[in-house]
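Colleague: In terms of the numbering used here, the sequence shown opens at residue 661 and continues consecutively.
Ideal placement from N, C-alpha and C gives every residue a C-beta, glycine not left out.
For clarity, every value in this text was computed on a predicted model and none was experimentally measured.
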Amino acid sequence: MALPSDLPVIDHHCHLSPHGEGVEAARRFRSAGGTHLFLATQNYGPGTPRSVDDYREQYETTERLARRLGDESGVTAYVVLAPYPVDLVDGAAQMGAARALELHQAALDLAGAWIQERRAVALGEVGWPHFAVPPEVARIGSAAFRHALGVAHDVDCPVVVHSPDLDPAAYRDLAVEADRAGIPRHRIVKHYARQRVRDGASSGIVPSYLARRQLVTEVRDDPGPWFLETDFLDDPRRPGAVLDLATVPRRARSIAQTDGGTERLRVPFVRSVERVYGWTPRTDGKAGP
Ligand SMILES: [Zn+2]
Numbered sequence: 661m662a663l664p665s666d667l668p669v670i671d672h673h674c675h676l677s678p679h680g681e682g683v684e685a686a687r688r689f690r691s692a693g694g695t696h697l698f699l700a701t702q703n704y705g706p707g708t709p710r711s712v713d714d715y716r717e718q719y720e721t722t723e724r725l726a727r728r729l730g731d732e733s734g735v736t737a738y739v740v741l742a743p744y745p746v747d748l749v750d751g752a753a754q755m756g757a758a759r760a761l762e763l764h765q766a767a768l769d770l771a772g773a774w775i776q777e778r779r780a781v782a783l784g785e786v787g788w789p790h791f792a793v794p795p796e797v798a799r800i801g802s803a804a805f806r807h808a809l810g811v812a813h814d815v816d817c818p819v820v821v822h823s824p825d826l827d828p829a830a831y832r833d834l835a836v837e838a839d840r841a842g843i844p845r846h847r848i849v850k851h852y853a854r855q856r857v858r859d860g861a862s863s864g865i866v867p868s869y870l871a872r873r874q875l876v877t878e879v880r881d882d883p884g885p886w887f888l889e890t891d892f893l894d895d896p897r898r899p900g901a902v903l904d905l906a907t908v909p910r911r912a913r914s915i916a917q918t919d920g921g922t923e924r925l926r927v928p929f930v931r932s933v934e935r936v937y938g939w940t941p942r943t944d945g946k947a948g949p
């Protein structure tokens with residue numbers, strides 16, 4: 661069944677690399693029926709960034725890729741920027757905790773400035789490593805996350821959170837942090853959510869679900885807001901480490917075949933974007949959100 665042409669089909673979190681498949685992956689996404697990607701930055705070099713200029717270069721690479729996707733594959737890519745929380749692990753080992761935190765905060769400030777200039781749509785991914793870290797790194801990690809929330813508050817943008825799996829208590833803690841920072845809870849997205857969160861169990865934080873078949877079947881009737889994502893890594897050294905970029909459009913097609921399927925799809929692809937980001941994704945091929 662064909663997807664309606666006025667329906668955006670959106671992967672809410674992926675990475676693409678100029679050293680990986682890049683535009684080719686986006687073409688595959690497009691031919692499966694995908695239209696929009698939220699493209700999160702990543703380290704493209706072999707090492708962790710050591711200076712703000714390294715981060716600027718990284719952001720520029722993401723921005724360039726996003727533009728190429730539009731020009732060469734017809735997929736609209738929204739840029740999401742922040743220093744990766746895991747960078748603090750290497751950073752602290754190489755330059756000491758204080759200096760690593762300083763750099764991280766400067767990179768967050770730079771991302772905030774880009775968002776203000778509308779070169780990116782959200783701050784992300786921010787949060788904390790998904791594995792155990794030394795206490796000193798945990799300490800600067802928390803400080804960095806608070807700084808990130810401060811930046812998001814100042815520039816008034818959504819926040820995409822990288823973290824281990826969250827249970828209801830952890831969602832509540834995150835919601836309390838959002839409240840403290842003065843950020844509406846529905847502007848905070850927990851990316852890579854691997855379990856359905858039912859009525860209120862996420863305390864108003866928005867899940868971006870990994871688009872596994874079973875999980876999609878469980879959540880597809882939920883009123884939202886929620887998103888679907890692959891967290892595609894585009895890393896030739898780790899093929900199949902995550903879901904393929906064509907997955908979300910494939911899932912969208914199968915939902916479209918259910919009763920009221922098209923209406924259901926408007927939840928993750930239209931209404932949730934409106935709620936979290938404050939604008940409607942364009943499907944007329946014009947530039948801008
Ligand atoms: Zn990611």
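Grab the span of the beta strand (DSSP E) containing residue 714 for me, first residue to last.
Modeller: Not the beta strand (DSSP E): residue 714 falls in the alpha helix (DSSP H), residues 712-733.
Colleague: Restricting to Cα atoms, I'd like to know which of 733, 790, 930, 794 is closest to residue 744.
Modeller: The shortest C-alpha separation from residue 744 is found at 790.
Colleague: So, does the segment 772-783 touch the segment 815-828, judging by three or more C-beta pairs under 8 Å?
Modeller: The segment 772-783 is in contact with the segment 815-828.
Colleague: Assuming residue 804 is part of the alpha helix (DSSP H), what are its boundary residues?
Modeller: It spans 795-815 - the alpha helix (DSSP H) in which residue 804 sits, taken as one unbroken run.
Colleague: Distance check for residue 905 and residue 892, CA to CA, integer angstroms please.
Modeller: Spanning the two alpha carbons is a distance of roughly 6 Å.
Colleague: From this set, 851, 920, 895, 678, which residue's C-alpha is nearest residue 887's C-alpha?
Modeller: Ranking the options by Cα distance to residue 887, first place goes to 851.
Colleague: Any heavy atom of ligand 1 inside 6 Å of the beta-carbon of residue 891?
Modeller: Checking the Cβ of residue 891 against ligand 1 gives yes.
Colleague: So, are the CB atoms of residue 793 and residue 733 less than 7 Å apart?
Modeller: Not in contact: residue 793 and residue 733 (Cβ atoms no closer than 7 Å).
Colleague: Could you give the C-beta distance for residue 813 and residue 785, rounded to a whole number, given that I count them as a contact under 8 Å?
Modeller: Not a contact, Cβ separation roughly 17 Å.
Colleague: Can you list, in chain order, the residues of its chain with a C-beta nearer than 8 Å to that of residue 805? Leave out the 5 residues immediately preceding and following it.
Modeller: So the qualifying residues of the chain are 745, 786, 787, 788, 837.
Colleague: Which residue marks the beginning of the alpha helix (DSSP H) containing residue 869, and which one marks its end?
Modeller: No alpha helix (DSSP H) holds residue 869; the beta strand (DSSP E) holding it covers 866-870.
Colleague: Leaving out the 5 sequence neighbours to the left and right, which residues in its chain are closer than 7 Å to residue 766 when beta-carbon positions are compared?
Modeller: Closer than 7 Å at the Cβ level, and outside the excluded window around residue 766, lie 712.
Colleague: From the DSSP output, which residues share a beta bridge with residue 670?
Modeller: Per DSSP, 696.
Colleague: With distances taken from CA atoms, which of 865, 829, 915, 861 is nearest residue 843?
Modeller: The residue with the shortest Cα to Cα distance from residue 843 is 865.
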